[in-house]
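Under mature numbering (1 follows the signal peptide of the UniProt record, and there is no 0), residues -21 to -1, 1 to 389 are what the sequence shown spells out, in order.
All C-beta atoms, glycine included, are put in the ideal place defined by N, C-alpha and C.
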Amino acid sequence: MKSILLSGCLAAGLAACNSGAKNTAQQAATPGNFNEDVAFLQQHLQNVVVLKHAGDSGRVVVTGDYQARVMTSTTGSNSGKSFGWINYHLVASGKYAPHINAFGGEERFWLGPEGGQYALFFPPGKPFDFTNWQTPGLIDTTHYTVTAQSDTAITYQQEGALQNYSGTHFNLHISRTIRLLNNQDINTTLGFALPAGMHSVAYETTNILTNKSDSAWQEQNGLLSIWLLGMFKPSEQTAVVAPFRHIPNAQKHITDNYFGKIGPANLQVKDSLLLLRADGKSRGKLGLSPLVAKKGAGSIDLANNTLTVLFYEVVPQGRYVNAKWELQQEPFKGDAVNCYNDGPLADGTQMGPFYEVESSSDARALKPGEAMTYKQVTMHFEGSREALQAMAQQLWQLPLEEVQHFLTSK
């Protein structure tokens, strides 16, 4: 069965049917603030690390148990709002689920492609259907080892082997460093000073993939990309914001029908911005080609006066792997950026609610011993409505009134 509907953790929505999917009411008694999330993770995991600067309220919690994953963060010290979505039920179970272990977390390390003739998530020769779909253990269940650590940064490493759908074997080494940024780092990355009264937390991940095989990776046998996926908490007043290059026929390079076409009530297309409703109530996914994708996708939550923005590299003419569940005519013309709003499946079950913002590196033909590096910065801001407006204007030239109108026009 061919399918273009499932990509990344989005496929985990189906996996939820087999891994204890819960509705929102069942999740009501779960942890709420950052300190409660940390305590929960420490209760159920062995390797939980909190990164922090002395005298600063920003915090990030990571774990090697889940492949050097950033689980959540806060701008408000221990009692602050926790930004990352966590699958409390699956974490607490201490068990592995079939197909995928969607533990949550606001940035996890994956590798692509998912589908196609060079797929990493399907065994050779098997149909592209859910029965045969399996997240590789290297990016799903393997524990990563700490190789360096300080109060504000931690590095993990792991080696492993993968086989793609075409039978090509990859021996590889993964290194992943998570570094908490300070205020100067934040201002430098943004290119402007934070408005008065704005609280922040930001971290950079440096992801290095090394070819440990005896031969070069070749395009005709399949290549790998670094794939970073973030899961965040939705609200009725949250919109994902995805900037794109305003070029002729730009919308031909934007995919909005992965789960059926997203209607205007849930998606607004402006001259150079996409607004996607992120309420966790209606499944929909966007994909932006590297020809139009820009750094700086994120979200605005008007209910909590918070703003999230991600910075990553886009190579307009680069090879980006195609995730579609089919034999592909163009396996290296995939998305550079994806955005997703979760929602109930046809049978009424739901793994979330959450929303996602994802980015991918281009795929490179690495020689033996050669490495590629892909970095991403995730920033969260929390403050007054005035400060939020100033941030949205600086980042996206986006008046909050337009976001409010979009969110209330359904």
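| query | result |
| --- | --- |
| Name the residue from V382, G331, K346, E337 whose alpha carbon lies nearest to the alpha carbon of H68. | G331 |
| Measuring straight from C-alpha to C-alpha, what distance separates Q5 and F82? | Bear in mind that a pLDDT of 38 at Q5, under 50, signals an unreliable position, so the number given afterwards is only what the model happens to contain. In a straight line, the C-alpha of Q5 is about 17 Å away from that of F82. |
| Does the count of Cβ pairs from the segment 82 to 101 and the segment 109 to 122 closer than 8 Å reach three? | yes |
| The beta strand (DSSP E) that contains I279, what's its start and end? | 277 to 280 |
| Determine, using beta carbons only, whether Q216 and L386 come nearer to each other than 7 Å. | yes |
| Take K212 and list the residues in its own chain whose beta-carbon comes closer than 6 Å to its own, dropping the five residues that flank it on each side. | W64 |
| Is it buried or exposed for P77, if we count other Cβ within 10 angstroms and need 16 for buried? | exposed |
| Is the beta carbon of T167 less than 7 Å from the beta carbon of A350? | no |
| Run through the segment 144 to 200 for me and flag every whole alpha helix (DSSP H) of 4 or more residues, listed as ranges in chain order. | 162 to 169 |
| Residues bridged to P222 by DSSP? | L252 |
| Is it a yes or a no for the segment 351 to 367 touching the segment 285 to 296, going by three-plus beta-carbon pairs under 8 Å? | yes |
| Kindly give me the distance between the Cβ atoms of A147 and N200, rounded to whole angstroms, as I take these residues to be in contact under 8 Å. | First, the residue type needs correcting, since residue 147 is Thr and not Ala in the sequence shown. With a Cβ gap of about 4 Å, T147 and N200 count as contacting. |
| Based on Cα-Cα distance, which residue from Y123, P323, G209 lies nearest to residue 390? | Because residue 390 is not part of the residues shown, which for the chain are -21 to 389, the question remains open. |
| Using three-state DSSP, classify V27 as helix, strand or coil. | strand |
| In the segment 14 to 79, which residue ranges form an unbroken beta strand (DSSP E) of at least 3 residues, counting only runs that do not cross its ends? | 27 to 31, 38 to 42, 48 to 53 |
| Tell me, please, which residues DSSP counts as bridged to G327. | None; G327 has no bridge partner. |
| Would you mind working out which of S214, D321, W304 sits nearest F109, comparing C-alpha positions? | W304 |
| Going by alpha carbons, who is nearest to L267 out of C318, L159, F290? | C318 |
| Which residue from G34, Q368, N57, P378 puts its Cα closest to that of M177? | Q368 |
| Does T124 pass the burial test, meaning 16 or more other C-beta atoms within 10 Å, or should it be called exposed? | exposed |
| Can you name the start and end residues of the beta strand (DSSP E) that A369 belongs to? | First-last for A369: 364 to 375, but that is the alpha helix (DSSP H), not the beta strand (DSSP E). |
| To the nearest whole angstrom, what separates the beta carbons of G95 and P310, a pair I think is in contact under 8 Å? | 5 Å |
| Determine whether the beta carbon atoms of T126 and Q136 lie at a separation below 7 Å. | yes |
| Please report the straight-line C-alpha distance between L281 and A342, rounded to a whole angstrom. | 37 Å |
| Can you tell me whether DSSP reads P378 as helix, strand or coil? | coil |
| Apply the 10 Å Cβ neighbour rule to V293 and answer buried if 16 or more other Cβ atoms are within range, or exposed otherwise. | buried |
| How many angstroms separate the CA atom of V17 from the CA atom of V40? | 7 Å |
| Taking C-alpha atoms, which residue in V336, I153, Y45, L160 lies nearest to A257? | V336 |
| Return the first residue and the last residue of the beta strand (DSSP E) that A140 is part of. | 132 to 142 |
| If you follow the beta strand (DSSP E) that N317 is in, where does it begin and where does it stop? | 316 to 320 |
| In the structure shown, what three-state DSSP assignment does K1 receive? | Note on K1: pLDDT 40, under 50, position unreliable in the model; no value is reported. |
| At which residues does the beta strand (DSSP E) containing R87 begin and terminate? | 87 to 91 |
| Mind checking if D280 is an interface residue toward chain C, Cβ cutoff 7 Å exclusive? | Included in the structure is just one protein chain, with no chain C present. |
| Among T131, N26, P10, which has the Cα closest to the Cα of G34? | T131 |
| So what does DSSP say about F109, is it helix, strand or coil? | helix |
| Can you name, in chain order, every residue of its own chain whose Cβ lies under 8 Å from the Cβ of Q197, other than the five neighbours on each side? | A344 |
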